[in-house]
Amino acid sequence: MTQVGQHVTTPHFGFRDKRVVVTGAASGIGRRVAELLLEAGANVIALDRSSVDLAVAQFVRVDMTDPATIAAAVGEIKGEVDVLLNIAGVPGTADPEVTMRVNVLGLRMLTELLIHRINRGGSVTNVASIAGAQWQAHLDEVQRLLVTPDYVSGVDWVRDHPMDGKRAYDFSKECVVVLTKQHGKFLREHGVRVNSVSPGPVKTPILKDFRESVGPIMDIVTRETGRDATTDDIARVILFVSDPVLQWLNASDVQVDGGFMSGLVGGWVKLG
203 MTQVGQHVTT PHFGFRDKRV VVTGAASGIG RRVAELLLEA GANVIALDRS SVDLAVAQFV
263 RVDMTDPATI AAAVGEIKGE VDVLLNIAGV PGTADPEVTM RVNVLGLRML TELLIHRINR
323 GGSVTNVASI AGAQWQAHLD EVQRLLVTPD YVSGVDWVRD HPMDGKRAYD FSKECVVVLT
383 KQHGKFLREH GVRVNSVSPG PVKTPILKDF RESVGPIMDI VTRETGRDAT TDDIARVILF
443 VSDPVLQWLN ASDVQVDGGF MSGLVGGWVK LG
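Position in the sequence shown counted from 1, then plus 202, gives you the numbering used here.
Written out as structure tokens, the structure is:
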């Protein structure tokens with residue numbers, strides 16, 4: 203019998219021979235996604251600052267804090283692609299500007315540079331977080347950042363609106379959720395779907411950094427759901443959402459938190 207959180211055989215996903223770009227592929231969720239894609243027969247184009255020790259079709263080194271390297275990375279990617287998975291991210295223990303550069307501005311720039319090379323019927327999936335669940339309460343502020351036309355002007359906006367590390371992380375993920383919804387029409391015009399996946403706590407090398415920056419709510423999520431997610435838990439949902447057969451799922455945010463956020467509404471999650 204399969205145990206909770208145990209890796210299981212990869213189900214059939216429609217990724218055989220598809221060209222899939224994965225950011226953050228060297229570790230954590232990104233690495234597990236890349237592994238599952240390879241099992242499913244995909245041609246993985248791995249992007250990361252660190253080397254990737256998997257049998258990927260292509261590795262491209264990129265620093266999401268540096269727009270010049272993002273543009274260069276897009277230039278190195280060969281040919282057209284079918285799927286873009288924006289998984290790279292940093293926690294709230296990082297410098298707030300770095301958090302915004304990696305989690306929002308770099309993600310947006312990479313997506314917008316690649317969109318004309320994503321085949322019709324393809325998809326983009328962005329990794330957000332349940333930390334971004336309050337996006338509606340901060341929508342005006344989020345939209346003021348997202349209306350900036352490019353990476354550099356986005357950095358200028360961030361510098362004009364200083365935040366502490368925790369708020370920068372939460373705000374960055376609110377931006378990812380809203381950007382996904384905004385891109386829903388823009389990408390659809392190119393025949394491409396876009397969605398976001400919002401995990402709760404996940405057992406990755408940077409989980410301790412998330413606990414440090416987010417605070418006691420992380421422990422409450424773990425207590426109320428019974429455990430932290432594994433990278434496998436999240437990776438399989440990312441692949442499901444990105445699967446070419448799901449042509450009518452678009453501009454949606456999928457919370458993958460063991461039911462925690464729904465439990466707040468349903469009354470079975472206790473914050474005390």
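Glycine residues also receive a C-beta, built at the ideal position from the N, C-alpha and C atoms.
Which value, in whole angstroms, describes the spacing of the CA atoms of residue i and residue j?
| i | j | result |
| --- | --- | --- |
| L307 | P351 | 10 Å |
| I272 | L312 | 6 Å |
| L409 | P403 | 7 Å |
| D421 | R322 | 42 Å |
| N288 | G232 | 9 Å |
| L309 | V254 | 19 Å |
| A339 | R425 | 26 Å |
| M266 | L316 | 15 Å |
| D459 | G428 | 11 Å |
| G277 | V222 | 16 Å |
| Y371 | W450 | 30 Å |
| R251 | G230 | 14 Å |
| M302 | L381 | 13 Å |
| K280 | R319 | 10 Å |
| V471 | S444 | 30 Å |
| S454 | V416 | 24 Å |
| L466 | T432 | 22 Å |
| R369 | P293 | 11 Å |
| D284 | V349 | 27 Å |
| K405 | D430 | 6 Å |
| V187 | V224 | What is shown of the chain runs 203 to 474, which leaves residue 187 out entirely. |
| S464 | L473 | 13 Å |
| M203 | A275 | In this predicted model, M203 has a pLDDT of only 41, less than 50, meaning its place in the structure is not dependable; the value taken from the coordinates is given anyway. C-alpha separation (whole angstroms): 43 Å. |
| V447 | L286 | 15 Å |
| D219 | Q384 | 29 Å |
| G469 | A227 | 37 Å |
| V411 | P418 | Reading off the sequence shown, one finds Asp at residue 411, where the question assumed Val. The straight-line gap from Cα to Cα measures roughly 13 Å. |
Name the DSSP bridge partner or partners of residue i?
| i | result |
| --- | --- |
| A562 | Because the chain in this structure spans residues 203 to 474, residue 562 falls outside the shown range and cannot be described. |
| S398 | N328, D455 |
| L312 | Answer is none; L312 lacks a bridge partner. |
| R221 | N245 |
| N321 | Note: N321 sits in no beta bridge, so no partner. |
| L286 | V223, V326 |
Would the beta-carbon of residue i fall within 8 Å of that of residue j?
| i | j | result |
| --- | --- | --- |
| V304 | G291 | yes |
| W337 | V394 | no |
| A242 | F215 | yes |
| P269 | V354 | yes |
| L341 | W359 | no |
| E376 | V344 | yes |
| V423 | F462 | yes |
| L441 | L238 | yes |
So does residue i have its beta carbon nearer than 7 Å to some heavy atom of the ligand MN?
| i | result |
| --- | --- |
| K220 | Of the ligands one can find in the structure shown there are none, so the ligand MN has no counterpart to examine. |
Contact between the segment 254 to 262 and the segment 313 to 333: three or more CB pairs below 8 Å?
no
Q: Please go through the segment 346 to 380 and give each complete alpha helix (DSSP H) segment of 4 or more residues, from N-terminal end onward.
A: 353 to 362
If contact is defined by three or more beta carbon pairs under 8 Å, each pair taking one atom from either stretch, is the segment 360 to 377 in contact with the segment 386 to 394? no
Problem - At least three beta-carbon pairs within less than 8 Å, the segment 214 to 234 to the segment 294 to 303 - result: no
How do the segment 436 to 444 and the segment 394 to 402 stand: do at least 3 beta-carbon pairs fall below 8 Å, yes or no?
yes
Practice prompt. Kindly confirm or deny that the segment 242 to 250 and the segment 333 to 347 touch, where touching means at least three C-beta pairs closer than 8 Å.
Written response: No, they do not touch.
Runs of 3 residues minimum, wholly inside the segment 243 to 278: which ones carry the beta strand (DSSP E) assignment? Within the segment 243 to 278, the complete beta strand (DSSP E) runs of at least 3 residues are 245 to 250, 260 to 263.
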